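S.K.: Here's a structure for you.
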Amino acid sequence: MVLFSCAGIAAARSSMARSEEDRHLHFEGQTDCEPAPLPTVRHSSSHVMAQAVKQLFPDVKLAIGPAIEDGFYYDFAKSEPFTPEDLNRIEQRMREIVQKDLPFVREEMPREAAVRFFESRGEPFKVEILKGIDALSVSLYRQGDFVDLCRGPHVPATGHIKAFKLLSSSGAYWRGSEKNPMLQRIYGTAWLTQEELDRHLWRLEEAKKRDHRKLGRELDLFVFQDVSPGAPFWLPKGMVIFRELERFWREVHDARGYQEISTPILVNRRLWEESGHWEHYRENMFLVEVEEQVFGLKPMNCPESTYVYRHHLRSYRDLPLRLSELGRLHRFERSGTLAGMFRVRQFTQDDAHIYCRPDQLQSEITGVLEIVQLLYGAFGFEPRFFLSTKPDKGMGDPALWEQAETALREALVKRDLPHEVRAGEGAFYGPKIDVVISDVLGRDWQLATIQLDFVMLPERFGLEYIDADGQAKRPVAIHRAIYGSFERFVGILTEHFAGAFPTWLAPVQARVLPVSEKIAAYGRSVFDRLRDAGIRVELDDRNEKLGYRIREAQLQKLPYMLIVGARESQEGTVSLRRRTGEDVGAVPVDRLCADLVAEVASRSVSLTVGRS
RNA sequence: GCUGGCGUAGCUCAGAGGUAGAGCGGCUGCCUUGUAAGCAGCGGGUCGGGGGUUCGAAUCCUCUCGCCAGCUCCA
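If you want my numbering, it's the position in the first sequence, counting the first as 1, plus 154.
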């Protein structure tokens, strides 16, 4: 159940991956995989893999093997995990099976017969699946000596599998429940052509290179320490990025009537009881006992923002009230779920709660969408929008739901934003818009959410305003976050840009490199000029060869290197080198300064200095 | 939390019962530097932590903490 979904930070999950697994696990739909070429090849690859495994390890039991996003897996019951050498052997055997071009043959048999068949073959998981379904007749697919319970479809023969590779193995629970025995899962990837496979493998390789945990350490942005798992230590350079994001965010919000607040991190249990977190969310909260009172570290900002709302008696004239808060939150996440900046226990949410009248909803949503486009545009992200509507369990006045969903839809239309509807996927307290972006490697990230709330804050905390008719009325609350969390967002940006941040975000924007000590004075004067202009500039006048210092600046991915020697010192120029390796040549210091300032002010994603 | 893997110098890693190693980084000196690594020398470690086995433990056993992959979870 989705509760208190105050701008959740969960990664977007592929709906396809979900359904392909569910088809197998729960016999949903008519087939075991999407009957399109790519899922079919992947599904067939998983059968070939199972065949290879059965040949090499006759004692393993078969569980399930669906196609998933980018590939396939198969789960086996086996006492020992598969080793990397095992995977090599299995992959080799798969290639032999492909070589033989064995046809996939479909057979039908009564369910009861199938139960006996799989019992006789010693496949308890297949039997369990068969006993759980109510079909009279089921289908099997056979290729060579291998046969599996399966609804297909499959490629005509194993020779149609052209481009695949096994990737990894690990434990996975039978039917996805930690109460069930653990199986051994092997993941593979399969594509229609070798080119697509190569490209996918390149992407995996590239993602590894861009890992923000590695880059964060190498570029001195942030580190994790044993003493506080799931909570980053922001280093000076990482903090520059954090502060620039904050600055940008505040600029945008200040200009749009938001009022920033800051509420306590440590709050008495009474508040959490009032908000319902104590009942529904306690196991994810860090609790502290002092003087016989229990306090909780806030996992969300929303309850406390209502205290700010209630500080005054509100008039309809006060609305909308837009209260923003960069709140530091703590959520207890199970140890095995932490993952760098992507899944943390402490993070800073760029939160805001808008309290408004129902008739103001559309314009408020429109305003939030504008902010989303503005903030994401700066990074070159193209947001996609998902509108989630009333679920069966939705609470509150149906007319209000209707009005709110219309407001959300019209706000999207008004800003000319195409969107996908996720019917019935809204929270019980209101409909929402989720925003997803794709990074440069094509990975999807859910960042912003805009959630309407008729129930949680307004009802539980008894929020009111006095309307024009003198009557007390209930406002609607809008929960929204744009970056989601600074931690996760910086992690995403780090991988998206591979550490080569746009100049406005770069911890060091330029470095002056005097060719030798003879040029030290001029180097310092250039450095001073830029620093006075507000540029984050460094002077590297160490007693090292130019090539050595360039290499270091290059590895640190500094946008600009400013090389100065006798020539430049005479002409009042610098020799400009970009981190891309381009040698731009001599640029007068005046122009350099003006261009740099302009590039930073415009928050350009590309390096523009010296292009004019 | 579960399954498996891994914790050795700031970083990347070698060492697998017998006196803790390398490369890079750091420091010092020489060189006086022109677009991705000049040369030499010197420091640097309770081998994640606790307990055990052993004459002797980085190495074997055990507990624990953390990290990685996947599962589960993600309000």
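Cβ coordinates follow ideal geometry from the N, Cα and C atoms, glycine included. Since the model is a prediction, treat every value here as computed from it, not as a measurement.
Is it buried or exposed, Phe387, if we count other Cβ atoms within 10 angstroms and call 16 or more buried?
M.R.: Taking the first sequence and counting its residues from 1, one reaches residue 387 at position 233. Exposed, since its Cβ has fewer than 16 Cβ neighbours within 10 Å.
S.K.: CB Leu617 to CB Arg628, shorter than 9 Å?
M.R.: Stepping through the first sequence from its first residue, residue 617 is reached at position 463. Stepping through the first sequence from its first residue, residue 628 is reached at position 474. Cβ atoms of Leu617 and Arg628: closer than 9 Å.
S.K.: Looking only at its own chain, which residues have a Cβ that is under 6 Å from the Cβ of Asp593, when we skip the five neighbours before and after it?
M.R.: If you number the first sequence from 1, residue 593 lands on position 439. His650.
S.K.: Under the three-state reduction of DSSP, which class applies to Ala161: helix, strand or coil?
M.R.: Residue numbering aside, residue 161 sits at position 7 when the first sequence is read from its first letter. For Ala161, the predicted model reports a pLDDT of 35, less than 50, meaning its position is unreliable; a value from the coordinates is still stated below. Ala161 falls in the coil class under three-state DSSP.
S.K.: Where does Phe318 sit, in a helix, a strand or coil, going by DSSP?
M.R.: As a working note, residue 318 is residue 164 in the first sequence. Residue state, collapsed to three classes: strand.
S.K.: Closer than 8 Å by C-beta to His484: which residues in its own chain qualify, once you throw out the five before and the five after it? Chain order, please.
M.R.: In the first sequence, counting from the first residue as 1, residue 484 sits at position 330. Same-chain partners within the cutoff: Ile419, Met439, Phe440, Leu451, Lys452, Pro453, Arg499, Gln500.
S.K.: Can you look up Leu355 in the DSSP assignment and give me helix, strand or coil?
M.R.: Counting from 1 along the first sequence, the entry for residue 355 is found at position 201. Correct three-state label for Leu355: helix.
S.K.: Going by C-alpha to C-alpha distance, which of Gly286, Pro264, Asp302, Arg260 sits closest to Tyr124?
M.R.: In the structure as shown, the chain starts at 155 and stops at 766, and residue 124 therefore has no counterpart that could be examined.
S.K.: Would you check if the segment 519-538 and the segment 753-766 touch, i.e. whether three or more CB-CB distances between them fall below 8 Å?
M.R.: Yes, the segment 753-766 is in contact with the segment 519-538.
S.K.: Would you tell me roughly how many angstroms separate the C-alpha atoms of Asp749 and Val763, rounded to the nearest one?
M.R.: Residue numbering aside, residue 749 sits at position 595 when the first sequence is read from its first letter. Residue numbering aside, residue 763 sits at position 609 when the first sequence is read from its first letter. Whole-angstrom Cα-Cα distance: 5 Å.
S.K.: Which one of Asp588, Phe486, Ala561 has the shortest CA to CA distance from Cys510?
M.R.: Within the first sequence, the letter at position 356 stands for residue 510. Of Asp588, Phe486, Ala561, the residue nearest in Cα terms is Ala561.
S.K.: May I ask you to list the residues that DSSP assigns as paired with Val589?
M.R.: Indexing the first sequence from 1 puts residue 589 at position 435. Paired residues: Phe539.
S.K.: Once you ignore the five residues that flank Ser723 on each side, which residues in its own chain have a CB closer than 6 Å to its CB?
M.R.: Taking the first sequence and counting its residues from 1, one reaches residue 723 at position 569. These residues qualify, in order along the chain: Ile673, Tyr676.
S.K.: If Ser199 and Phe236 are in contact, beta carbons under 8 Å, what's the gap, nearest whole angstrom?
M.R.: If you number the first sequence from 1, residue 199 lands on position 45. If you number the first sequence from 1, residue 236 lands on position 82. In fact, because the Cβ distance is near 16 Å, the residues do not count as touching under 8 Å.
S.K.: In angstroms with no decimal places, state the Cα-to-Cα distance between Trp403 and Thr727.
M.R.: Residue numbering aside, residue 403 sits at position 249 when the first sequence is read from its first letter. Residue numbering aside, residue 727 sits at position 573 when the first sequence is read from its first letter. In a straight line, the C-alpha of Trp403 is about 35 Å away from that of Thr727.
S.K.: How would you label Ser517, buried or exposed, when you count the other beta carbons within 10 angstroms and need 16 or more for buried?
M.R.: To locate residue 517, count along the first sequence from 1; it is residue 363. Exposed, since its Cβ has fewer than 16 Cβ neighbours within 10 Å.
S.K.: Cα separation between Gly521 and Ile604?
M.R.: Here the question's residue 521 lines up with position 367 in the first sequence. Here the question's residue 604 lines up with position 450 in the first sequence. If I take the Cα positions, the gap works out to 11 Å.
S.K.: Let me know the secondary structure DSSP gives Thr520 once reduced to three states.
M.R.: Start at 1 with the first residue of the first sequence, and residue 520 comes out as number 366. Looking at Thr520 - three-state DSSP - the assignment turns out to be helix.
S.K.: Am I right that Phe279 and Lys215 are in contact with their C-beta atoms under 8 Å? What's the rounded C-beta distance?
M.R.: As a first step, residue 279 must be located in the first sequence, where it is residue number 125. As a first step, residue 215 must be located in the first sequence, where it is residue number 61. Confirmed, about 6 Å.
S.K.: Go ahead and label Glu458 buried or exposed: buried means 16 or more other beta carbons lie within 10 angstroms of its beta carbon, across all protein chains shown.
M.R.: For this step, residue 458 is matched to residue 304 along the first sequence. With 16 or more other Cβ atoms within 10 Å, it is buried.
S.K.: For Asp504, count the other beta carbons within 10 Å of its own beta carbon; 16 or more makes it buried, fewer makes it exposed. Which is it?
M.R.: The residue labelled residue 504 in the question sits at position 350 within the first sequence. Result: buried.
S.K.: I'd like to check one pair, Val691 with Gln708: are the Cβ atoms closer than 9 Å?
M.R.: The residue you call residue 708 lines up with position 554 of the first sequence. The residue you call residue 691 lines up with position 537 of the first sequence. No, these two residues do not count as a Cβ contact at 9 Å.
S.K.: Which of the three DSSP states, helix, strand or coil, is assigned to Ile287?
M.R.: On the first sequence, position 133 is the one that residue 287 refers to. Note: Ile287 maps to coil in three-state DSSP.
S.K.: Please classify Lys627: does DSSP put it in a helix, a strand, or coil?
M.R.: As a working note, residue 627 is residue 473 in the first sequence. Residue state, collapsed to three classes: strand.
S.K.: Taking all protein chains shown into account, decide if Arg167 is buried (16 or more other Cβ within 10 angstroms of its Cβ) or exposed.
M.R.: Position 13 of the first sequence holds residue 167. Any reading at Arg167 is ruled out, since the residue's pLDDT is 35, under 50, leaving its predicted position unreliable.
S.K.: Put Asp472 into one of helix, strand or coil per three-state DSSP.
M.R.: Taking the first sequence and counting its residues from 1, the one referred to as residue 472 is at position 318. Of the three classes helix, strand and coil, the one that applies to Asp472 here is helix, per DSSP.
S.K.: Do Leu477 and His507 come within 9 Å of each other at the CB atom, strictly closer than that value?
M.R.: Residue mapping note: residue 507 aligns to position 353 of the first sequence, counting from 1. Residue mapping note: residue 477 aligns to position 323 of the first sequence, counting from 1. In this structure, Leu477 lies closer than 9 Å to His507 by Cβ.
S.K.: Which whole-angstrom value is the C-beta distance of Leu571 and Leu523, which I expect to be below 8 Å?
M.R.: As a working note, residue 571 is residue 417 in the first sequence. As a working note, residue 523 is residue 369 in the first sequence. Going by Cβ atoms, the distance from Leu571 to Leu523 rounds to 7 Å, so yes, they are a contact pair.
S.K.: In chain order, what are the residue ranges of uninterrupted beta strand (DSSP E) at least 3 long that sit wholly in the segment 655-699?
M.R.: As far as the segment 655-699 is concerned, its whole beta strand (DSSP E) runs of at least 3 residues are 664-668, 691-693.
S.K.: DSSP three-state label for Leu441, please.
M.R.: Mapped onto the first sequence, residue 441 falls at position 287. Note: Leu441 maps to strand in three-state DSSP.
S.K.: Any contact between the segment 249-256 and the segment 202-209? By contact I mean 3 or more CB pairs, one from each, below 8 Å.
M.R.: Yes, the segment 249-256 touches the segment 202-209.
S.K.: Hey, would you say Asp365 sits closer than 9 Å to Ala311, going by beta carbons?
M.R.: Looking up residue 365 in the first sequence gives position 211. Looking up residue 311 in the first sequence gives position 157. No; because the gap between Cβ atoms is not below 9 Å, this pair is not in contact.
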